[in-house]
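First residue of the sequence shown: 1, per the working numbering; consecutive thereafter. Cβ coordinates follow ideal geometry from the N, Cα and C atoms, glycine included. In what follows, a structure is listed as structure tokens, so that the remarks can point back to it.
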Amino acid sequence: MRQDTFLLADVGGTNTRLALGTRNGLLSQTTARYSNDNFNGFSDILVTYRAQHTNQPIHSAAMAVAGQINGHRAQLTNRNWSFDSDHLADAVGCEQVHFINDLSGLARAIPVLSPHQLRSLQTTLSSHSNDQSLVIGLGTGVNVSALLGKMTLSAEIGHTSSTRPMINMIEAHLGDAQLGFDTVEDILSGRGLESLYQLSTGGVLKASEICATYKQNDGARSTCQLYGSLLAELIRELALHYLPHNGIYLSGSVARGILETPARAQVITSLTQEHPMRSTIERMSLSVITDDAAALLGCLEIAKTNA
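Spelled out as structure tokens, the structure:
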């Protein structure tokens with residue numbers, strides 16, 4: 001079997017990750033991470049990456065993009081970057097470029113993730129499997145992707161309306177200051193966490209700083225606890241929509257940040273509180289993807305499938 005080399009990219013709203021891979025896996029020491037703020041567009045990142053790594057021939061490329069995919073074009077949701085597969089194929093010198101939504105890329109990675117790339121939050125003794133998994137991404141934006149076998153289902157959950165239970169929680173915590181939380185992304189993205197903190201305390205901190213100061217900052221602690229309850233409400237709703245008996249996987253910088261604090265207990269407590277479908281929820285395992293570059297493995301699966 002020929003040993004093709006693939007270019008793999010995970011382009012988020014804040015950062016871009018690239019690597020080279022073959023059918024045997026990612027090539028060691030080729031994974032790189034770039035802050036999008038330091039570049040005018042993806043083409044500049046590509047030039048930088050190719051200059052830093054060997055210019056060996058690339059058979060094809062697979063890119064996970066945090067935005068809309070429309071045939072051979074893609075557009076980032078939270079940054080004015082657009083992509084054209086034909087132009088990128090010319091720039092890379094490869095046969096073809098495949099686009100996939102970033103959460104779909106993560107979903108494709110689920111079957112090949114190793115235990116050290118995951119952290120279990122809720123285990124289950126249930127033997128029931130329906131070959132359905134769900135990835136929930138919480139970072140610059142919010143979205144999900146379901147996995148059925150090897151088939152992914154795209155969505156735009158972040159832009160759907162906030163649920164009434166979520167609004168009720170915010171109103172109970174903030175009173176009338178809850179204006180501006182119209183969508184799921186308004187609440188559970190990084191800027192959502194920052195808004196919850198600012199409205200609760202009057203202070204301004206980045207999402208990462210709110211999580212990092214959980215123990216010494218009362219405002220950060222109460223905000224993270226509120227976020228944990230809100231996150232549990234979203235998980236419950238999505239679990240009942242998708243019935244992912246093969247597991248629910250949380251990903252993204254905000255998910256990792258919150259779940260590294262004691263607020264993770266609030267997520268589990270809220271998720272398993274009394275509810276008509278509680279037993280169904282408890283039969284689903286819950287994990288967080290700890291590997292920041294996991295989507296690249298999903299891109300590799302896409303590249304191998306289409307080679």
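Task: Validate contact between the segment 64 to 83 and the segment 111 to 130 using beta carbons, cut 8 angstroms, 3 pairs - done: no
TODO: Determine the extent of the beta strand (DSSP E) in which residue 143 is found, giving its start and end residues.
DONE: 142 to 148
Task: heavy atom of the ligand SAM below 7 angstroms from residue 61 C-beta - done: Absence of the ligand SAM is noted for the structure shown, with no ligands found whatsoever.
Task: Which of helix, strand or coil DSSP assigns to residue 73 - done: strand
Task: Contact under 8 angstroms by Cβ, residue 222 with residue 187 - done: no
Open item on the list: Between residue 140 and residue 13, how many whole angstroms is the CB-CB distance? I'm expecting something under 8 angstroms.
Closed with: 4 angstroms
Open item on the list: Starting from residue 374, trace the beta strand (DSSP E) in both directions and tell me its first and last residue.
Closed with: The question about residue 374 has no answer here: the residues shown for the chain are numbered 1 through 307.
Task: Between the CA atoms of residue 26 and residue 1 - distance to the nearest angstrom - done: Residue placement at residue 1 cannot be trusted, given a pLDDT of 48 that sits under 50; what the coordinates show is reported in the next sentence. Each residue's Cα considered, the two are about 17 angstroms apart.
Task: Bounding residues of the alpha helix (DSSP H) (the contiguous stretch that carries residue 32) - done: Not the alpha helix (DSSP H): residue 32 falls in the beta strand (DSSP E), residues 32 to 35.
Open item on the list: Tell me the rounded alpha-carbon separation between residue 59 and residue 90.
Closed with: 12 angstroms
Task: Neighbourhood of residue 263 by C-beta, 6 angstroms cutoff - its chain only, sequence neighbours within 5 removed - done: 224, 225, 228
Task: Distance, residue 51 Cα to residue 285 Cα - done: 42 angstroms
TODO: State the DSSP-derived secondary structure class of residue 132, mapped to helix, strand or coil.
DONE: strand
TODO: Determine the extent of the alpha helix (DSSP H) in which residue 278 is found, giving its start and end residues.
DONE: 278 to 282
TODO: Flag this pair as yes or no: are the beta carbons of residue 88 and residue 97 separated by less than 8 angstroms?
DONE: yes
Open item on the list: Helix, strand or coil for residue 161? Go by DSSP, reduced to three states.
Closed with: strand
- [ ] Give me whichever residues DSSP pairs with residue 21 in a beta bridge.
- [x] 6, 26
Open item on the list: For residue 236, count the other beta carbons within 10 Å of its own beta carbon; 16 or more makes it buried, fewer makes it exposed. Which is it?
Closed with: buried
TODO: Kindly provide the ranges of any beta strand (DSSP E) runs that are 3 or more residues long and lie completely inside the segment 67 to 113, ordered along the chain.
DONE: 67 to 70, 73 to 76, 82 to 84, 97 to 101
TODO: Going by CA-CA distance only, name the one from 19, 302, 252 that's closest to residue 143.
DONE: 252
TODO: Can you tell me which of the three DSSP states residue 172 falls into?
DONE: helix
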